[in-house]
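One structure is given below, encoded as structure tokens.
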Amino acid sequence: MTIRTWQWSLAGVAMGITLAACGGTRMAGAGPDPATQAPPSSPAPPLTSAPGGAFDFASSGDAQFDSWRAQFASKASAAGRRTQDIQVVLDGLVPVEATAQAQSFDNQAEFVKPIWDYARTAVSPTRITNGQAKLAQNAQIFDAIEASYAPPREIIAAIWGMETSYGGFIGTDDAPRVLASQAAVGRRKDFNETELMAIMRLIEDGSATRDQFRKASFAGALGQTQFMPSSIIAYGRDFDRDGKKDLWTNAGDALASAANYLSGFGWKENQPWALEAVTPEGFDYANGDGRKLSVAAWKAMGISPVTPETFGSIDPLSAELFLPAGSYGPAFLLFDNFFVIKRYNNADSYALAIGLLADRLAGRAEMTRPWPSEIQMLTQQQAKDLQAGLNRLGFSAGSVDGIIGRGTRGALQKFQASKGLVADGFPTLPMLEQVQLAANAPPG
Ligand SMILES: [Ca+2]
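Using this note's numbering, the letters of the sequence shown correspond one by one to residues 8 to 451.
The following block contains the structure:
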């Protein structure tokens, strides 16, 4: 969860700390798992420790990793973390192989599948059935959570279902290992180091044990509702009041934490996350450019929200028109709560899937307009080509990363409008060809 925007910033700042190499005795029982230990490089790098010799890490066999670890251990110590916690979190780590790690991130479903494939998978009949059963089994927990926090139970249940199949699979990666592996190569270094220090704090205050952090996602997210360590500190709840925020094995703790997180980011009670909207014939799709208007204003433009139930008067609410499949599929009016869901995972497809699953868990009907089935989506390389072409033409699509987000869609809409095409901002193969044709045309 939380800030899964994988624009890895190279935030590494040379720390300029010179550490004295020194030999040391290994602590008994603190060695790396022999099954995962990489063979030592030749010559093996020396053991390193902080000034004063407070730390004693076994070499990982990766000099860059060992160097980063020694520097980070000193930094954590200077920040007030206890030596024993620094030692237990960082010792025995062997970095994740760079290629395996990159593949994990490249395979993030949010950015590879068409949004409707993602939504279809996310809102599968099995997940709806299981979710309804979980809501029934945990009715008392959900009653109490709904009474204390703003979001409705179906939204919390949808997050639970999406993140870990309702607690069925919480991950098998070691959070310190995956966070450290990224930090050591300078990927989102500040972010990952902050999360490592949060792990040390959680161990220090007795909230969790080192072993619990061995059950994480490949990105270091933890427990049944997949919190990053710093989010456990900031938003975690001890629902059953046993003194621990146990998001791993206690469903109440995990669900109350998720509800508290969404409340903290401003969930508005009794407002929808989105409503499906029917667009009129001849609608100007350029209005779906991220602008926010009142529902009353959208209605005046011929947009009809499909309102399965009353949320009170929605006319004054501010909403954005979202056309995830352009002119080829359903349209939505997005309300503030949609953007609160994105604080959990910053992808439109994720927030859409959570909302649609929650709607089904609440017993609402399927969308009136189906997702398209016959459109060929762009590959990631073609998406990059589209972005590069739009940038070249002066329609700013932002960074050429192959991720079709709002920036790319907005730029494509401007291009389409300039050519007198249906300006729906939807990237199809024929649209890429048009952009490339224009971008490669000789000037003048
Ligand atoms: Ca608890």
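All C-beta atoms in this analysis are idealised placements derived from N, C-alpha and C, irrespective of residue type, glycine included.
Model, not experiment: these values are computed from the prediction.
DSSP, read as helix, strand or coil, puts Glu-283 in strand. Counted as a single uninterrupted DSSP element, the alpha helix (DSSP H) harbouring Leu-262 occupies residues 258-271.
Note that the stretch 434-446 touches the stretch 389-397; at least 3 beta-carbon pairs, one per stretch, sit closer than 8 Å.
Under DSSP, the beta-bridge partners assigned to Leu-340 are Leu-282, Leu-328.
According to the DSSP assignment, Leu-393 belongs to the alpha helix (DSSP H) that extends over 387-399.
If the five residues before and after Arg-244 are omitted, its C-beta is found closer than 7 Å to the C-beta atoms of Lys-252, Asp-260, Ala-263, Ser-264, Asn-267, all from its own chain and listed in chain order. For Asp-245, the shortest C-beta to heavy atom distance toward ligand 1 is below 7 Å. The Cβ atoms of Ile-239 and Leu-229 lie closer than 8 Å to each other.
Here the stretch 154-161 lies against the stretch 266-284, with 3 or more beta-carbon pairs under 8 Å apart. Close CB contacts of Val-429 within its chain, under the 7 Å cut and outside five residues either way in sequence, are with Tyr-292, Ser-334, Gln-423 (chain order). When the Cα atoms are used, Ala-140 and Lys-349 turn out to be separated by approximately 26 Å. Under the three-pair Cβ rule at 8 Å, the stretch 80-99 does not count as touching the stretch 120-136. Relative to ligand 1, Asp-181 has its C-beta separated by 7 Å or more from all heavy atoms. Burial check for Asp-212: the Cβ neighbour count within 10 Å stays below 16, so the residue is exposed.
Rounded to the nearest angstrom, the gap between the Cα atoms of Gly-412 and Phe-64 is 43 Å. Taking all protein chains in view, the Cβ of Pro-331 is crowded by 16 or more other Cβ atoms within 10 Å, so the residue is classified as buried. Beta-bridge analysis with DSSP links Phe-234 to Leu-229. Taking one beta carbon from each stretch, the stretch 349-363 and the stretch 300-317 have fewer than 3 pairs nearer than 8 Å; the two do not touch. Note: Lys-299 is bridge-paired with Glu-327 in the DSSP secondary-structure output. Residue pairing by DSSP places Ala-223 opposite Asp-180, Leu-229 in a beta bridge. A straight line joining the alpha-carbon of Phe-342 with that of Tyr-351 spans about 16 Å.
With respect to the 8 Å criterion, Asn-344 and Gln-278 are classified as neighbours on the basis of their beta carbons.
Per DSSP, reduced to three states, the secondary structure at Pro-437 is helical. When rounded, the separation of the alpha-carbon atoms in Pro-159 and Leu-186 is 32 Å. For Pro-158, no alpha helix (DSSP H) encloses it, and the DSSP letter there is neither H nor E.
Pairing Gly-227 with Tyr-173 gives a Cβ-Cβ distance that is not under 8 Å. Taken from the Cβ of Asp-260, at least one heavy atom of ligand 1 lies inside 7 Å. Around the beta carbon of Met-204, 16 or more other beta carbons sit within 10 angstroms, so the residue counts as buried. For Arg-371, the secondary structure class from DSSP, reduced to helix, strand or coil, is coil.
Taking a 10 Å sphere around the C-beta of Ser-214, we find 16 or more other C-beta atoms and assign the residue as buried.
It is roughly 28 Å from the alpha-carbon of Ala-354 to the alpha-carbon of Asn-145. Here the C-alpha atom of Met-438 lies approximately 52 Å from the C-alpha atom of Gln-147. Secondary-structure assignment with DSSP links Pro-121 through no beta bridge to anything. In this structure, Ser-237 places its C-beta atom within 8 Å of the C-beta atom of Glu-202. Relative to ligand 1, the beta carbon of Lys-349 is positioned no closer than 7 Å to any heavy atom. When beta bridges are read from the DSSP output, Ser-311 appears opposite Val-285.
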